[in-house]
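In our numbering, the protein residues as written are 551 to 690. Here a beta-carbon is modelled for each residue, glycine too, at the ideal position from N, C-alpha and C. Here the structure comes first, spelled out in structure tokens, and everything after it is commentary.
The following block contains the structure:
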């Protein structure tokens, strides 16, 4: 029977990338990616916004302009499973702003943040998987 070169290395790499430690490290990378999306969404709401007197509502299609800061402070990242992260805005009117209503055009802030950070998130996860497959620890 012929011998196949590299089987031991491949087997070791497969064990590393399917280990509980790998799940933990990839989960940490996903959480970091979620936090980047969270920050991007909050910044889109607060950048240039004026609270109180002088507040100007956002234009349709633009992120909301912060006034009370309830919306931007309601955005959070949660690890809901080892390899699943959710970024959500929990202000009572967040969904209405993101998607609009029959009387108001959308003022999206979550979808644009996700789109802006998608590549960065993929790089964080890819870096974690690469380090794991090489036997290393993820350093951030």
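CA-to-CA distance, residue j to residue i, given in whole angstroms
{"i": "residue 621", "j": "residue 576", "result": "29 angstroms"}
{"i": "residue 640", "j": "residue 672", "result": "25 angstroms"}
{"i": "residue 660", "j": "residue 624", "result": "12 angstroms"}
{"i": "residue 664", "j": "residue 558", "result": "39 angstroms"}
{"i": "residue 682", "j": "residue 567", "result": "6 angstroms"}
{"i": "residue 609", "j": "residue 647", "result": "11 angstroms"}
{"i": "residue 650", "j": "residue 642", "result": "13 angstroms"}
{"i": "residue 584", "j": "residue 628", "result": "8 angstroms"}
{"i": "residue 684", "j": "residue 573", "result": "15 angstroms"}
Extent of the continuous beta strand (DSSP E) to which residue i belongs
{"i": "residue 625", "result": "625 to 631"}
{"i": "residue 639", "result": "634 to 639"}
Per-residue burial, residue i [other beta carbons within 10 Å of its own, 16 or more giving buried]
{"i": "residue 634", "result": "exposed"}
{"i": "residue 597", "result": "exposed"}
{"i": "residue 554", "result": "exposed"}
{"i": "residue 564", "result": "exposed"}
{"i": "residue 616", "result": "buried"}
{"i": "residue 604", "result": "exposed"}
{"i": "residue 601", "result": "exposed"}
For residue i, the residue or residues it bridges with in DSSP
{"i": "residue 651", "result": "654"}
Limits of the unbroken alpha helix (DSSP H) element including residue i
{"i": "residue 681", "result": "660 to 683"}
{"i": "residue 568", "result": "Looking at the DSSP string, residue 568 is not in any alpha helix (DSSP H), and its letter there is neither H nor E."}
Any non-hydrogen atom of the ligand PLP within 6 angstroms of residue i CB
{"i": "residue 658", "result": "As far as ligands go, the structure on display features none, and thus does not contain the ligand PLP."}
Neighbourhood of residue i by C-beta distance below 6 angstroms, restricted to the same chain and skipping five residues each side
{"i": "residue 591", "result": "625, 659, 660, 663"}
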